[in-house]
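This report refers to the structure that appears directly beneath it.
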Amino acid sequence: TQLKLTGIKLNMEISELQYDAEITGFVRRNLLMMVKEAVHNVIKHSNATTIWMKIDVNQNQLQIAIKDNGQEGNCHKIIHDQPGKYGLASMRKRALDIGATLDIQNLKTGWSIVIVYPLKFISALQYYD
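My numbering runs 7 ahead of the 1-based position in the sequence shown.
Structure below.
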């Protein structure tokens, strides 16, 4: 809804899971809140016209990559926490709380945020126990 109001285009790619992954409600909520904050930052700070989001599973990891085509910003100023600005600090804390990694990069055009969360898969045999 927020993107529609701003005119920012969203391109989303989601890979298909081969097996069921065990993700608790706590982890799902924190992943959702990190993605929400990343999109909010694009809307508020980047002057982007497009966001690319890719959700992929490989090597027992869930990877959520968010990239935009916004203006190049001051990487040090935005990546490092500022007084009164808590968005990135809360993203870092959420990642730490669930055992995920968070990588934030300033690109020539826009930003890249990658969240990686280690997965535990439920084997087919567990369904019959």
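Even glycine gets a Cβ: it sits at the ideal position worked out from N, Cα and C.
In this text the structure is predicted, and so the values were computed from the model without any measurement.
For residue j and residue i, the rounded distance between their alpha carbons
{"i": "Asn124", "j": "Thr56", "result": "Correcting the residue type first, residue 124 is Tyr in the shown sequence and not Asn. Tyr124 and Thr56: Cα-Cα distance of roughly 28 Å."}
{"i": "Asn37", "j": "Asn76", "result": "25 Å"}
{"i": "Lys11", "j": "Val64", "result": "28 Å"}
{"i": "Gln66", "j": "Ile122", "result": "14 Å"}
{"i": "Leu114", "j": "Val42", "result": "18 Å"}
{"i": "Leu39", "j": "Thr116", "result": "25 Å"}
{"i": "His83", "j": "Gln112", "result": "Model confidence at His83 stands at a pLDDT of 41, short of 50, so the residue's coordinates are unreliable; what they give is reported in the following sentence. Taking the straight line joining both Cα atoms gives about 10 Å."}
{"i": "Leu69", "j": "Arg35", "result": "11 Å"}
Beta bridge counterpart(s) of residue i as assigned by DSSP
{"i": "Asn113", "result": "Trp118"}
{"i": "Tyr93", "result": "None; Tyr93 has no bridge partner."}
{"i": "Gln68", "result": "Asn65 and Pro125"}
{"i": "Asn18", "result": "Trp59"}
{"i": "Lys74", "result": "Trp59 and Ser119"}
8 Å Cβ shell around residue i - same chain, five flanking residues per side excluded
{"i": "Gly94", "result": "Glu44, His47 and Asn48"}
{"i": "Asp50", "result": "The residue you asked about is not Asp; residue 50 is Ile in the sequence shown. Cβ within range, chain order: Gln9, Leu10, Thr13 and Ile15."}
{"i": "Gly106", "result": "Tyr124 and Pro125"}
{"i": "Asn18", "result": "Thr57, Ile58, Trp59 and Met60"}
DSSP-derived helix/strand/coil call for residue i
{"i": "Thr56", "result": "coil"}
{"i": "Gln9", "result": "helix"}
{"i": "Glu44", "result": "helix"}
{"i": "Ile30", "result": "coil"}
Residue i classed as buried or exposed, judged by whether at least 16 other C-beta atoms fall within 10 angstroms
{"i": "Ser53", "result": "buried"}
{"i": "Ala96", "result": "exposed"}
{"i": "Ile71", "result": "buried"}
Same chain, Cβ closer than 6 Å to residue i, five either side skipped, listed in chain order
{"i": "Ile73", "result": "Ala45, Met60 and Ile120"}
Beta-carbon proximity list for residue i, same chain, < 7 Å, skipping 5 on both sides
{"i": "Glu23", "result": "none"}
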